[in-house]
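Below is one structure, written out as structure tokens; the observations come after it.
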Amino acid sequence: MTQLRPEEGPPGPGRRLTAEFYERDAVTVARALVGAWLEVDGAGGIIVETEAYAPDDAASHSYGGVTPRNSAMFGPAGHAYVYRSYGLHWCFNVVTEPGSAVLVRALMPLVGIEAMYARRGVEDERKLCSGPGRLTQALAIDGGHDRRPLDQPPFLLAEGLSAPSVVSGPRVGITRDVDRTWRFGLRGTRFVSRAFR
DNA sequence: GCCTCGATTTTCT
DNA sequence: GAAAATCGAGGCC
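Under the UniProt record's numbering, the first sequence has 158 at position 158, and the numbering climbs by one with no breaks.
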């Protein structure tokens with residue numbers, strides 16, 4: 001069981017992630033991002049939940065080619081793809097190989113927590129970043145971050161936990177290609193959007 | 001705790 | 001016109 005008490009967690013980010021990290025298939029990067037550090041303008045923590053989306057994947061926005069919304073998925077790896085979900089929420093993705101991306105679904109809050117509470121308007125720590133829409137609201141990510149490089153401010157993506165225990169399961173909220181178990185999570189944390197089983 | 005519902009953008013039929 | 005990579009509120013148990 002991965003230890004998740006804040007006092008035992010990483011004090012901060014390790015080495016910044018580079019192009020070689022992102023220029024791989026989405027499933028590999030999605031698994032590798034669990035336990036990584038994500039920070040946006042001083043607010044962030046450890047990524048605890050991701051999902052992979054690939055070009056030949058009917059559940060992916062990139063399935064069927066380039067549109068104005070998904071064009072970031074066909075741009076350089078290591079940049080952001082931010083889109084609006086259900087007309088209300090923003091969702092933050094990391095672009096990997098062409099037409100591929102990793103949806104970041106949940107985060108363990110560690111720094112800038114006061115700013116997150118203020119942006120979210122909730123009092124429950126578990127509701128700060130446990131879900132793609134909640135995470136973007138807590139970190140103040142919106143459409144203006146679409147296509148921006150992740151190796152420059154306001155973003156900081158870096159190594160986090162040294163050897164995270166990663167579990168997987170089916171992706172959330174999709175109806176096509178439902179059998180691909182491309183949702184990944186950190187074992188034992190309460191900060192995921194829903195339990196793995 | 002579970003279920004239903006509505007808000008609202010983008011895409012596809 | 002319908003569905004979608006969602007969330008939060010309100011009703012019920």
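No residue lacks a Cβ here, since even glycine has one placed at the ideal position from N, Cα and C. Fair warning: this is a prediction, and the values are worked out from it, not measured in the lab.
Exercise. Rounded to the nearest angstrom, how far is the Cβ of A19 from that of A77, given a contact under 8 Å?
Worked result: For this step, residue 19 is matched to residue 19 along the first sequence. For this step, residue 77 is matched to residue 77 along the first sequence. Their Cβ separation, rounded to whole angstroms, is 7 Å, which keeps A19 and A77 in contact under 8 Å.
Problem set entry | Selection from T136, Y86, P98 that minimises the alpha carbon distance to E39 | On the first sequence, residue 39 is found 39 positions in, with the first residue counted as 1. The residue with the shortest Cα to Cα distance from E39 is T136.
Exercise. In the structure shown, what three-state DSSP assignment does H79 receive?
Worked result: As a position in the first sequence, residue 79 is number 79, starting the count at 1. In this structure, H79 counts as strand in the three-state DSSP scheme.
Problem set entry | Integer-rounded CB distance, given that G65 should sit under 8 Å from I47 | The residue labelled residue 47 in the question sits at position 47 within the first sequence. The residue labelled residue 65 in the question sits at position 65 within the first sequence. Going by Cβ atoms, the distance from I47 to G65 rounds to 29 Å, so no, they are not a contact pair.
Exercise. For P74, which of helix, strand or coil comes out of DSSP?
Worked result: Position 74 of the first sequence, counted from the start, is the residue given in the question as residue 74. It is Phe, not Pro, that sits at residue 74 in the sequence shown. Here F74 sits in helix by DSSP.
For this session: Please name the residue, chosen from L139, T50, I174, that lies closest to V166 on a Cα-to-Cα basis.
Result: The residue labelled residue 166 in the question sits at position 166 within the first sequence. Cα-wise, what sits closest to V166 is T50.
Problem set entry | Segment contact, 8 Å Cβ cut-off, at least three pairs: the segment 168-184 with the segment 107-118 | no
For this session: Could you tell me if P132 is buried or exposed, where buried requires 16 or more neighbouring beta carbons within 10 angstroms of its beta carbon?
Result: By one-based count along the first sequence, residue 132 stands at place 132. Buried, since its Cβ has 16 or more Cβ neighbours within 10 Å.
Exercise. R119: beta carbon under 7 Å from a heavy atom of the ligand COA?
Worked result: Within the structure as shown, the ligand COA is missing, as the structure has no ligands at all.
Exercise. Under 8 Å between the Cβ atoms of S162 and F184?
Worked result: By 1-based counting over the first sequence, the position of residue 162 is 162. By 1-based counting over the first sequence, the position of residue 184 is 184. For S162 and F184, no; Cβs fall outside 8 Å.
Problem set entry | One or two residues paired with E49 in a DSSP bridge | Here residue 49 is taken as the residue at index 49 of the first sequence, counted from 1. According to DSSP, E49 bridges with A106, G185.
Exercise. For the putative contact between A32 and R171, defined by C-beta atoms under 8 Å, what is the C-beta separation to the nearest angstrom?
Worked result: Numbered from 1 along the first sequence, position 32 holds the residue referred to as residue 32. Numbered from 1 along the first sequence, position 171 holds the residue referred to as residue 171. Contact doesn't hold; Cβ gap of about 17 Å is too wide.
For this session: Please determine if the segment 20-28 and the segment 87-101 are in contact, where contact requires at least 3 C-beta pairs separated by less than 8 Å.
Result: yes
Problem set entry | Straight-line gap, S100 to P55 (C-alpha atoms, nearest Å) | For the purposes of this step, residue 100 is taken as residue 100 along the first sequence, with counting starting at 1. For the purposes of this step, residue 55 is taken as residue 55 along the first sequence, with counting starting at 1. Distance between the alpha carbons of S100 and P55 is about 6 Å.
Problem set entry | Given A195 as reference, the closest of A158, G143, H145, R126 once Cα atoms are compared | Taking the first sequence and counting its residues from 1, the one referred to as residue 195 is at position 195. A195 has its Cα closest to that of R126, out of A158, G143, H145, R126.
For this session: Given a cut-off of 8 Å, decide if L107 and F191 are closer than it, judged by their beta-carbon atoms.
Result: The residue given as residue 191 occupies position 191 in the first sequence. The residue given as residue 107 occupies position 107 in the first sequence. Yes. Within cutoff.
For this session: Identify whether M1 lies in helix, strand or coil by the three-state DSSP scheme.
Result: Position 1 of the first sequence, counted from the first residue, corresponds to residue 1. Note that M1 scores 44 on pLDDT, short of 50, meaning its location in the model is unreliable; the coordinates nonetheless yield the value given after this. It is coil, neither helix nor strand.
Exercise. By how many angstroms is the C-alpha of F92 removed from the C-alpha of S85?
Worked result: Mapped onto the first sequence, residue 85 falls at position 85. Mapped onto the first sequence, residue 92 falls at position 92. Whole-angstrom Cα-Cα distance: 10 Å.
Exercise. Should R120 and R134 be called a contact, given that it needs their Cβ atoms to be closer than 8 Å?
Worked result: Within the first sequence, residue 120 is the residue found at index 120, counting from 1. Within the first sequence, residue 134 is the residue found at index 134, counting from 1. Yes, the pair counts as a contact, with Cβ atoms nearer than the cut-off.
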